[in-house]
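*Asks:* Sending over a structure as structure tokens; questions will come in a sec.
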Amino acid sequence: AQTVTQSQPEMSVQEAETVTLSCTYDTSESNYYLFWYKQPPSRQMILVIRQEAYKQQNATENRFSVNFQKAAKSFSLKISDSQLGDTAMYFCALPSGSGGGADGLTFGKGTHLIIQP
Amino acid sequence: DTEVTQTPKHLVMGMTNKKSLKCEQHMGHRAMYWYKQKAKKPPELMFVYSYEKLSINESVPSRFSPECPNSSLLNLHLHALQPEDSALYLCASSQDLRLTEAFFGQGTRLTVV
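Laid out in structure tokens, this is it:
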């Protein structure tokens, strides 16, 4: 079964700083996607960035980038020039199931990121 | 349009009531999901529909009854709920079960009194 581990329950940084959220996972699949979702107090789960395991190049979306280490099963999220609006819960996620038929997403426990003014 | 719309946003219901949650997407996605999320916890999968057929039922009590009338719409019918069922209920959709990308609605905050 797939597992996702986020070892940082809470992090706090100053506005404009760079912060890295860590995530490790386990899966027996050879090709899969990995996701980072953001859930602000408004509670909607917003897709921040995704990475296809088949691709070696790390995904980037504006201020958000990932450090994907497939062999180490590590998938960290870097937020550059952090902004107050980045304050939220961040969940790392991986499709469950196998054989191309996912059983929804397996989520880590989340990291509560607080951006201080 | 990457929008998944859930209604209502908030719902308070008594333990003897019957209510329904609604989820709609117009992205042509053929997989839809219901998740339950308790405070400060990650979402937990309840049901998966693929091509309007129930694919996964994660041992959810029968007081929760899902329905997928068409490819754009997903309902969750609620009956005789317990206070411990109070939670945020999230709907999500993806193109198919390969889950290359998944989009979530804003959720329904349910309180059972």
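Listed in order, the protein sequences are those of chains A and B. All you need for our numbering is the position in the first sequence, starting with 1, plus 4. All you need for our numbering is the position in the second sequence, starting with 1, plus 213. We put the beta carbon where it would ideally sit given N, CA and C, even for glycine.
1. Taking Cβ positions, are A/Met162 and B/Phe317 nearer each other than 7 Å?
2. Since B/Leu312 meets chain C, which of its residues come closer than 8 Å, beta carbon to beta carbon?
3. Span of the beta strand (DSSP E) holding A/Cys27?
4. At the level of alpha carbons, what is the spacing between A/Ala20 and A/Gln43?
5. Would the stretch 301-310 of chain B count as touching the stretch 240-256 of chain B if we require 3 or more Cβ pairs under 8 Å?
6. Which whole-angstrom value is the C-beta distance of B/Leu289 and B/Ala244, which I expect to be below 8 Å?
7. Could you work out which residues of chain A lie near B/Leu319, taking near to mean beta carbons separated by less than 8 Å?
8. With a 10 Å radius around its C-beta and 16 neighbouring C-beta atoms as the bar for buried, classify B/Lys164 as buried or exposed.
9. Near B/Gln250, which residues of its chain fall below 8 Å by C-beta distance, leaving aside the five closest residues on each side in sequence?
10. Does any C-beta atom of chain B lie closer than 7 Å to the C-beta of A/Lys113?
11. Is A/Phe95 close to chain B, meaning its C-beta is less than 7 Å from at least one C-beta of that chain?
12. Starting from the beta carbon of A/Leu51, find every residue of chain B whose beta carbon is closer than 9 Å, and list them in chain order.
13. Restricting to Cα atoms, I'd like to know which of B/Gln295, B/Val326, B/Ala315, B/Lys266 is closest to B/Asn283.
14. Could you list the residues in the stretch 244-270 of chain B with a C-beta less than 7 Å from some C-beta on chain A, going in chain order?
15. Can you name, in chain order, every residue of its own chain whose Cβ lies under 8 Å from the Cβ of B/Pro296, other than the five neighbours on each side?
16. To the nearest angstrom, how far is it from the Cα of A/Gly114 to the Cα of A/Tyr58?
17. Can you check whether the C-beta of B/Leu289 is within less than 7 Å of a C-beta belonging to chain A?
18. Just to confirm the assignment, what range does the beta strand (DSSP E) spanning A/Lys113 have?
19. Using 10 angstroms around the beta-carbon of B/Val217, count the other beta-carbons present and answer buried if the total reaches 16, otherwise exposed.
20. Cα separation between A/Lys82 and B/Asn230?
21. Which of the three DSSP states is assigned to A/Glu56 in this structure?
22. Would you list the residues sitting across from B/His223 in a DSSP beta bridge?
23. Just the C-alpha distance for B/Tyr248 and A/Ser84, rounded to the nearest angstrom, thanks.
*Replies:* According to the data block:
1. Beyond the ends of chain A as shown, which are 5 and 121, falls residue 162 of chain A; an answer cannot be given.
2. The chain inventory of the structure shown lacks chain C, comprising the protein chains A and B.
3. What you label residue 27 of chain A is simply residue 23 of the first sequence in a count that begins at 1. Here A/Cys27 belongs to no beta strand (DSSP E), and DSSP marks it neither H nor E.
4. Position 16 of the first sequence holds residue 20 of chain A. Position 39 of the first sequence holds residue 43 of chain A. For A/Ala20 and A/Gln43, the distance between alpha carbons rounds to 20 Å.
5. yes
6. In the second sequence, counting from the first residue as 1, residue 289 of chain B sits at position 76. In the second sequence, counting from the first residue as 1, residue 244 of chain B sits at position 31. Not confirmed; about 16 Å, so no contact.
7. Numbered from 1 along the second sequence, position 106 holds the residue referred to as residue 319 of chain B. First, the residue type needs correcting, since residue 319 of chain B is Gln and not Leu in the sequence shown. Result: Ser46, Arg47, Gln48.
8. The requested residue 164 of chain B is not part of the displayed model; chain B covers only 214 to 326.
9. The sequence position of residue 250 of chain B within the second sequence is 37, counting from 1. Cβ neighbours of B/Gln250 beyond the five flanking positions: Pro256, Glu257, Ala300, Leu301, Tyr302, Leu303, Gly320.
10. Locating residue 113 of chain A in the first sequence gives position 109, counting from the first residue. So yes, A/Lys113 belongs to the interface.
11. One-based indexing of the first sequence puts residue 95 of chain A at position 91. Closer than 7 Å: yes.
12. Within the first sequence, residue 51 of chain A is the residue found at index 47, counting from 1. Result: Thr215, Glu314, Ala315, Phe316, Phe317.
13. As a working mapping, residue 283 of chain B is identified with position 70 in the second sequence. Here the closest residue by C-alpha is B/Lys266.
14. In summary, the residues of the stretch 244-270 of chain B whose CB is separated from some CB of chain A by less than 7 Å are Tyr246, Pro255, Pro256, Leu258, Val261, Ile269, in the order they occur in the chain.
15. As a working mapping, residue 296 of chain B is identified with position 83 in the second sequence. Met228, Val325, Val326, listed in sequence order.
16. What you label residue 114 of chain A is simply residue 110 of the first sequence in a count that begins at 1. What you label residue 58 of chain A is simply residue 54 of the first sequence in a count that begins at 1. About 25 Å.
17. As a first step, residue 289 of chain B is located in the second sequence; it is residue number 76 there, counting from the start. Not closer than 7 Å to any Cβ of chain A, the Cβ of B/Leu289 fails to qualify, so no.
18. In the first sequence, residue 113 of chain A corresponds to position 109, counting from 1. First-last for A/Lys113: undefined, no H or E at that position.
19. In the second sequence, counting from the first residue as 1, residue 217 of chain B sits at position 4. Buried is the call here.
20. Numbered from 1 along the first sequence, position 78 holds the residue referred to as residue 82 of chain A. Numbered from 1 along the second sequence, position 17 holds the residue referred to as residue 230 of chain B. Cα-Cα distance, rounded: 46 Å.
21. Taking the first sequence and counting its residues from 1, one reaches residue 56 of chain A at position 52. Strand, per DSSP.
22. For the purposes of this step, residue 223 of chain B is taken as the residue at position 10 of the second sequence. In DSSP, B/His223 forms a bridge with B/Arg322.
23. If you number the second sequence from 1, residue 248 of chain B lands on position 35. If you number the first sequence from 1, residue 84 of chain A lands on position 80. Roughly 31 Å between the two C-alpha positions.
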